[in-house]
Amino acid sequence: MSPTGRYAPSPTGDLHVGNLRTALLAWLFARSTGRAFRMRVEDLDRARSGSAERQLADLAAVGIDWDGDVVVQSTRNVLYAEALETLRERGLVYACFCTRREIAEAASAPHAAPGAYPGTCRNLDDAERAARRASGRPPALRLRSAVDSFTVHDVLAGEWTGLVDDLVLVRNDGTVAYNFAVVLDDGQMGIDQVVRGDDLLASSPRQAYLATVLGLQPPTYAHVPLVLGPTGARLAKRDGAVTLRELTEDGVAVADVVGMIADSLDLRGARTAAAMLERFDPAALPRHPWTFTPARQ
Ligand code: GLU
170 MSPTGRYAPS PTGDLHVGNL RTALLAWLFA RSTGRAFRMR VEDLDRARSG SAERQLADLA
230 AVGIDWDGDV VVQSTRNVLY AEALETLRER GLVYACFCTR REIAEAASAP HAAPGAYPGT
290 CRNLDDAERA ARRASGRPPA LRLRSAVDSF TVHDVLAGEW TGLVDDLVLV RNDGTVAYNF
350 AVVLDDGQMG IDQVVRGDDL LASSPRQAYL ATVLGLQPPT YAHVPLVLGP TGARLAKRDG
410 AVTLRELTED GVAVADVVGM IADSLDLRGA RTAAAMLERF DPAALPRHPW TFTPARQ
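With our numbering, letter number 151 in the sequence shown gets 320, and the count goes up by one each step, no holes.
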């Protein structure tokens, strides 16, 4: 498959300037390296009706184009079920009956790796498993991991090693877990370059490890700094006019929004995605977070 990048928004509301900046970066990284660029709607969880269409329209409005059909996760249950079955046949899946509270308690015990699932249900014997099942609580399904850490290559963070635990593949409400769907979709779509917000850097060792378990080559990553709002916290709706639609309603032109993002990437003067692409150099990418202060008209 030819080298390919992607953007994978969750359709939970309109994209704000920070989301658009990450999307533009994903597109710039892909297009500046001769890659194809794909779009994927991650609607397994908390999707809001009509949101995906609005997000895709906004991405197109800022000049992002993509190849092939938009991939929609909620239409791909057969792919996920088949992969789960393969892992199950290999003995790599187990049922986990733990509640959030049980996990938090066990994970706060001395010697537990912070943030790691402590493996409570990994070695239940048949009687114990039957007893937990009889309690009526449906289990989540977890991967039986063979490692507790994994190293990824990140264009910004370098060789980055992080925690891998027995991650959830299917949640106890039957929904395919984010980590599992992302890895399967990226693999099936031929994605070899993942550019996204750096809040997901800590998930990347789990995902890259899972890729190797599934016989897939992990992608190269670029986890880019999130955009901050005026309070110094991650930019969010409460910060005022932050989405493309809110900004344009306030009289800001789309080219001005693209221009602000270009300025924040030290591509001063560019006011279209195409103009940004002409000058984009991943090595010159500013590493510091950008603070966006919405200016009410
Ligand atoms: N859907 C995720 C989000 O919107 C991104 C997942 C990814 O890029 O791997 O935060």
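Cβ atoms here follow ideal geometry from the backbone N, Cα and C, with glycine treated the same way.
Around the ligand GLU, which residues pass a check of Cβ closer than 6 Å to any of its heavy atoms?
-> Ala-177, Pro-178, Ser-179, Glu-211, Val-351, Arg-365, Leu-369
Determine the closest residue to Pro-308 out of Phe-319, Val-262, Ala-273, Asp-317, with distance taken between C-alpha atoms.
-> Val-262
Of all the options Ala-205, Pro-172, Leu-225, which has the alpha carbon lying nearest to the alpha carbon of Asp-183?
-> Leu-225
Pairing CB atoms from the stretch 325-333 with CB atoms from the stretch 370-378, are three or more of them under 8 Å?
-> yes
Give, in chain order, every unbroken run of the beta strand (DSSP E) that is at least 3 residues long and sits entirely within the stretch 240-325.
-> 262-265, 309-312, 318-323
N- and C-terminal bounds of the alpha helix (DSSP H) containing Thr-191 = 186-201
May I have the straight-line CA-CA distance separating Gly-305 from Ala-296, to the nearest angstrom?
-> 15 Å
Which partner residues of Trp-235 appear in the DSSP bridge assignment?
-> Paired residue(s): none; Trp-235 is not in a bridge.
Give the DSSP-derived three-state secondary structure of Met-208 in the structure shown.
-> strand
Roughly how many whole angstroms lie between the Cα atoms of Ala-205 and Ser-171?
-> 7 Å
Given Pro-437 as reference, the closest of Pro-455, Val-421, Ala-422 once Cα atoms are compared = The residue you asked about is not Pro; residue 437 is Arg in the sequence shown. Cα-wise, what sits closest to Arg-437 is Pro-455.
From the DSSP output, read off the bridge partner residues of Leu-332.
-> Ser-318
Can you name, in chain order, every residue of its own chain whose Cβ lies under 8 Å from the Cβ of Ala-238, other than the five neighbours on each side?
-> Ala is not the amino acid found at residue 238; the sequence shown has Asp there. Taken in chain order, the list of residues that qualify is empty.
Secondary structure, alpha helix (DSSP H): runs of 4+ residues fully inside the stretch 386-449 = 413-418, 423-433, 442-448
Beta-carbon gap between Arg-346 and Leu-338 smaller than 8 Å = First, the residue type needs correcting, since residue 346 is Ala and not Arg in the sequence shown. Yes, Cβ-Cβ distance for Ala-346 and Leu-338 is below 8 Å.
Nearest residue (CA-CA) to Gly-232, options Trp-459, Pro-458, Ala-442, Asp-450 | Ala-442
Ala-350 and Leu-213 look like a contact to me (Cβ under 8 Å); what is the Cβ gap, rounded to whole Å?
-> 6 Å
The beta strand (DSSP E) enclosing Val-363, as first and last residue numbers = 360-366
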